[in-house]
Structures are given as C-alpha cells and as structure tokens.
Amino acid sequence: MITKPKGTYDLYGEDTKIYDYVLDTFRGECSLNNYELIKTPIFESSTLFHRGIGETTDIVTKETYDFKDKGGRDLTLRPEGTAGVVRCLIENKLYANTNNYLKYYYYGPMFRYERPQSGRFREFNQFGVEVFGKMNPYIDAEVINLGVKYFLALGIENVKIKINNLGSKSDREKYREALIGYLKPHIDELCEDCKVRLEKNPLRVLDCKVDSDKEFFKNVPKIEDYLCDESKDYFNELLDNLNALEIEYEVDNSLVRGLDYYDYAVFEFVTDDEKLKGASTICGGGRYNDLVSTLGGPDLGGVGFAIGYERLAEIVKTLGLVKTSDPVDVYVVPVTENELSDAFIIGCMLKDAGYKTEIDYRDTSIKNKLSHANKLDVTYIVIVGEEELKHYEVKLKDAVTKEEKLVKINDLVDELNINF
RNA sequence: GCGAAAUUGGUGAAGUGGUUAACACGCCGGAUUGUGGCUCCGGUAUGCGUGGGUUCGAUCCCCACAUUUCGCCCCA
Numbered sequence: 000m001i002t003k004p005k006g007t008y009d010l011y012g013e014d015t016k017i018y019d020y021v022l023d024t025f026r027g028e029c030s031l032n033n034y035e036l037i038k039t040p041i042f043e044s045s046t047l048f049h050r051g052i053g054e055t056t057d058i059v060t061k062e063t064y065d066f067k068d069k070g071g072r073d074l075t076l077r078p079e080g081t082a083g084v085v086r087c088l089i090e091n092k093l094y095a096n097t098n099n100y101l102k103y104y105y106y107g108p109m110f111r112y113e114r115p116q117s118g119r120f121r122e123f124n125q126f127g128v129e130v131f132g133k134m135n136p137y138i139d140a141e142v143i144n145l146g147v148k149y150f151l152a153l154g155i156e157n158v159k160i161k162i163n164n165l166g167s168k169s170d171r172e173k174y175r176e177a178l179i180g181y182l183k184p185h186i187d188e189l190c191e192d193c194k195v196r197l198e199k200n201p202l203r204v205l206d207c208k209v210d211s212d213k214e215f216f217k218n219v220p221k222i223e224d225y226l227c228d229e230s231k232d233y234f235n236e237l238l239d240n241l242n243a244l245e246i247e248y249e250v251d252n253s254l255v256r257g258l259d260y261y262d263y264a265v266f267e268f269v270t271d272d273e274k275l276k277g278a279s280t281i282c283g284g285g286r287y288n289d290l291v292s293t294l295g296g297p298d299l300g301g302v303g304f305a306i307g308y309e310r311l312a313e314i315v316k317t318l319g320l321v322k323t324s325d326p327v328d329v330y331v332v333p334v335t336e337n338e339l340s341d342a343f344i345i346g347c348m349l350k351d352a353g354y355k356t357e358i359d360y361r362d363t364s365i366k367n368k369l370s371h372a373n374k375l376d377v378t379y380i381v382i383v384g385e386e387e388l389k390h391y392e393v394k395l396k397d398a399v400t401k402e403e404k405l406v407k408i409n410d411l412v413d414e415l416n417i418n419f
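Going by numbering that gives the first Met the number 0, the first residue of the first sequence is number 0, and it counts up by one from there.
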C-alpha cells in the first residue's frame, strides 16, 4: 500500500467542514477590513527565503524543502507566506498606483522539514494578512484587532495577546551586543542549546525554558533599555490604540520571533485552554520595516500575522464550534428499480430548483432506502412509486413528523418553497 | 537531527508460539412481497504496519525500516 508522506495528512469528512468554517470566517473578517486576496506560488527561488527570512534561522538552514528543477534552478517550497507576498509586491510594483496602505490576505500550504507532532506537519496551512505602507501604530492596531475579531467570530474567547517591542534595527543591534556581552561570561552556565543560540541568534536565549530560572538571568539586559525614543513612542501609541479598542494584552520582553525580518512590534496570539495540549501559539506576527527594501523594493514598511490552520482546527474541534452535520433537503426514493428513471429526473429537477438533493440509486428494498434516509440528516423525503406516477404524482414526506401527502410532480417545487 | 513509546477490521479494541483472531459500535442484508429511529436473526479481518530472521510452526520472540504519538530542537 502506498501511504502518505511523513508529516502530511488527508483532509476529508467533517474536517473539511472545519476547514471551510475557519477559512470562510477569515475571509469574512478580511473583507470587512477591506483586505484583498493575494495568491503567490508555492515554490519560489531559494534566494528569496535566504535573503528574506535570514540565513541564520533554522527555518532556512535546515527546515526547507529545496530542490533543483530540470532547468537547474534552485527552488524552495515556501516555509512561510510573507516573503512571497513581498516579492510579489515588488515584482508587480503593486505600490506604484497608490499612496494609501496596501492590505492583503493570503492562505495556503507551507512546507517545513520538521519532526511531526500533534498539530504540526511538514505540509501545513497558514493564512495571514500583510499591510504595506509607512509605519503607523494605527495600522498595527488594526491588524491585531482583525486577529482578535477573527478569533471572536470563530467563537474562541480565551485568546490572549503577547506583545513585545523589538525596536529599530539599530536598537536591536545595540541590544544584541549588550546581551552577548552580558551572557558571554556566563557561557559555562548556559545549556547546550543556548551556547549555540548565543552565537546564532542571541535573542532566542531569552525564551529558553532551561536557563530562564538561573540566577544570572535576573539581571540580564532588557530590550527596553536600548530602545530609541522613536521606538518607544511608536510602541506606546500602539498600546494606547489597543487600550482604546479594549484589547487585552501582555507585554512580554522574552517574546522573540523565529524569523529575522521582524522589528518594532512583535506579537503572538496564545490560548491556554487546558484541553489543548501544547498547541498554545496559534498566531504570530509583527512589523517588518526593512524586509521590502532588503528584497530590492522601495522603502516600505510592513506588518502582518500568520495563523497556523492545523492548531486552530484542533481548537475549533475540541471546543465544538462547528456544526459538522450537513443536512440534505430532499431524499428521493424510487420504490422499485422501475421508478428509478423518474426519480432521477425528479431529483435533478429539485437540484435545479436549489434544493440539496440525494437520490437513492440502490437496488434494494424501500425499507432499506428509508432507513438510510433516516441515518442522514434529511428534511424531506420524496417517494416515487408506480401508483403515484400514474397520476403524475409523488409522495412528499416530512422526515421528522412522518406526514405524507400526494403532490403533483409539477407542483413539487412550489410545495417545497412553501415549507422551506 | 537526538531520546522514548506505540502500530490488530470502517471505528474502539481483547487476545494466544499451534485447528475457524473475542467483544462492542458501524456497515450490509433478512424477519409473509411499497415505508424509516426499537427488537430479533444473519453477514462483515485469507489476516494482526512493512521486510527479514529464530522456530516443525508466529499476530504474539529477535532485527531492520516505515508511520504515529510524546519530549528536545525549532516554530504557526
């Protein structure tokens, strides 16, 4: 038997209803905020991700699916959504015809070569938003608000926001040096992983679970002491805006995101529902003011977030937020095989009239056909029998009350229109 | 990439080194020939993740691989 590749999954049955629900709700929220759909390729030039996400991040160094195509091009399956959107923005000069903010949403599969676990796959789905334009704390608040309203619209209420100020690029550089300077003398006390982190991405040492309790950690330099006034003012305005919207947040100085391009505000949406083991962060994002120019575009800031579908689906499923039943309006039952052709035509007629219809094509007893209708969530049953057909009639049966009445085939749609 | 556990039908699962792999749910069919949620009866794994090995004989023992799950790493 051929099985699916490691870390992939098939989506079918009631899970597809969760997918539709989650995505439709997202589209609705984006539409309300006047964000446009943007679709970019699933694979891109490898250099896009190396230059955009950062050479030192694990996502790029060891988690991408890289391949050469038959023309010898170096390609990479996208591990995240932002880089492709930015590339598209630059390549198509989407910024050329407007001074206003450019607002996009996207969704689709992403790929990372990771060890699969529950709610974590090698092919996974993300959807997110990206807004481009001059840095503006109202825009960031709008983006966060969009996320908040989205989770509320889904029916998830215990979502909290963690937010941190990474400052400008030069702020971060100063802080980075201070951090390294402070931690270097303690290098022997650091865990093995943090020794590596100190070299590659020192900020990540901050959210190490092993080292954060240690004594020397209490006096570790804080990012806020290295922020310039512009960074601070911007961040405070953003927090003011969140307060004005009555969005609850927690400033978390240890919050560091995995992608190199973030600066100024970074944030996460976390849920702490006990029923959801481990899957705490369901959405992450932030501002990236240098990414567009780094990738060869104009000096244009950006802000966005990405939601991991698989974790969100787990939550939606666990909390029972989606009606997974899918009622059928009319179930058409020919009494015997002789009436099948008439039943077929009648069933198709009902579909043309807009009713969700199932026709029982099986060669089995009426009893079994009705029994099957009962197992489905059916509203009406149409019984097509020899006697009734002689008078151009069928029996219309209410599946719940079991009341039957004879209806002329020509009047069937009208009759249903009255009842629905 | 590292460490650990698991892998029996559509599902939940019991089970034993040796005739027909328990039970439950589901599904299919039947209970005097055109009517459904109950009841009763019958059917439903030629096979126990895959490939080797040990053995007279393995689903059950050993090895390898795959997949899943958990932890690390990383991250959504």
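Beta carbons: idealized from backbone N, C-alpha and C, even for Gly.
Query, Result
"CB of residue 262 within 8 Å of CB of residue 289, strictly", "yes"
"Pairwise C-alpha distance: residue 358 and residue 343", "7 Å"
"Test item: CB-CB of residue 269 and residue 159 under 8 Å", "yes"
"Same chain, Cβ closer than 7 Å to residue 392, five either side skipped, listed in chain order", "405, 406, 407, 408"
"For residue 19 and residue 32, the rounded distance between their alpha carbons", "20 Å"
"Buried versus exposed call for residue 347 [16 or more other C-beta atoms within 10 Å across all chains shown]", "exposed"
"Rounded C-alpha distance that separates residue 137 from residue 224", "24 Å"
"One or two residues paired with residue 164 in a DSSP bridge", "264"
"Cα-Cα separation between residue 276 and residue 367, rounded to whole angstroms", "Legend: pLDDT at residue 276 = 49, less than 50; position of this residue unreliable, no value from coordinates given."
"CB-CB length for residue 381 against residue 395, believed under 8 Å", "6 Å"
"Extent of the continuous beta strand (DSSP E) run through residue 379", "377 to 383"
"Chain-order list of residues whose beta-carbon lies under 8 Å from that of residue 398 (same chain, five-residue window excluded)", "330, 372, 373, 377, 378, 379, 380"
"DSSP three-state assignment for residue 95, whether helix, strand or coil", "coil"
"Alpha-carbon to alpha-carbon, residue 27 and residue 354", "25 Å"
"Contact check, residue 126 vs residue 100, beta carbons under 8 Å", "no"
"Distance between residue 119 and residue 278 (C-alpha atoms, nearest Å)", "Model confidence at residue 278 stands at a pLDDT of 48, short of 50, so the residue's coordinates are unreliable; what they give is reported in the following sentence. So the alpha carbons of these two residues sit roughly 9 Å apart."
"Paired residues, beta bridge with residue 82 - DSSP", "Its beta-bridge partners do not exist; DSSP assigns none."
"Through-space distance from residue 157 to residue 48, alpha-carbon basis", "34 Å"
"Per-residue burial, residue 96 [other beta carbons within 10 Å of its own, 16 or more giving buried]", "exposed"
"Distance CB(residue 152)-CB(residue 24) smaller than 8 Å", "yes"
"Pick from 183, 89, 171, 311 that is closest to residue 264, judged by C-alpha positions", "171"
"Where residue 2 falls: helix, strand or coil (DSSP)", "coil"
"Span separating the alpha-carbon of residue 307 from that of residue 84", "17 Å"
"Rounded C-alpha distance that separates residue 252 from residue 163", "6 Å"
"Cβ contact (3+ pairs, closer than 8 Å) linking the region 285 to 303 and the region 178 to 187", "no"
"Buried/exposed call for residue 297, threshold 16 Cβ in 10 Å", "exposed"
"According to DSSP, residues forming a beta bridge with residue 368", "Paired residues: none, contrary to the question."
"Cβ-based burial, residue 338 [other Cβ within 10 Å; buried from 16]", "buried"
"Three-state secondary structure (DSSP) of residue 190", "coil"
"Beta-carbon spacing of residue 423, residue 150 below 8 Å", "Shown here, the chain extends from 0 to 419; a query on residue 423 therefore has no answer."
"Whole-angstrom distance between residue 411 and residue 419, CA atom to CA atom", "12 Å"
"Cβ-based burial, residue 1 [other Cβ within 10 Å; buried from 16]", "exposed"
"Residue 305 burial status per 10 Å Cβ neighbour count (16 or more: buried)", "buried"
"For residue 82 and residue 76, the rounded distance between their alpha carbons", "12 Å"
"Buried/exposed call for residue 333, threshold 16 Cβ in 10 Å", "buried"
"Close Cβ partners of residue 7 (< 8 Å) along its chain, the five nearest in sequence each way excluded", "120, 121, 122"
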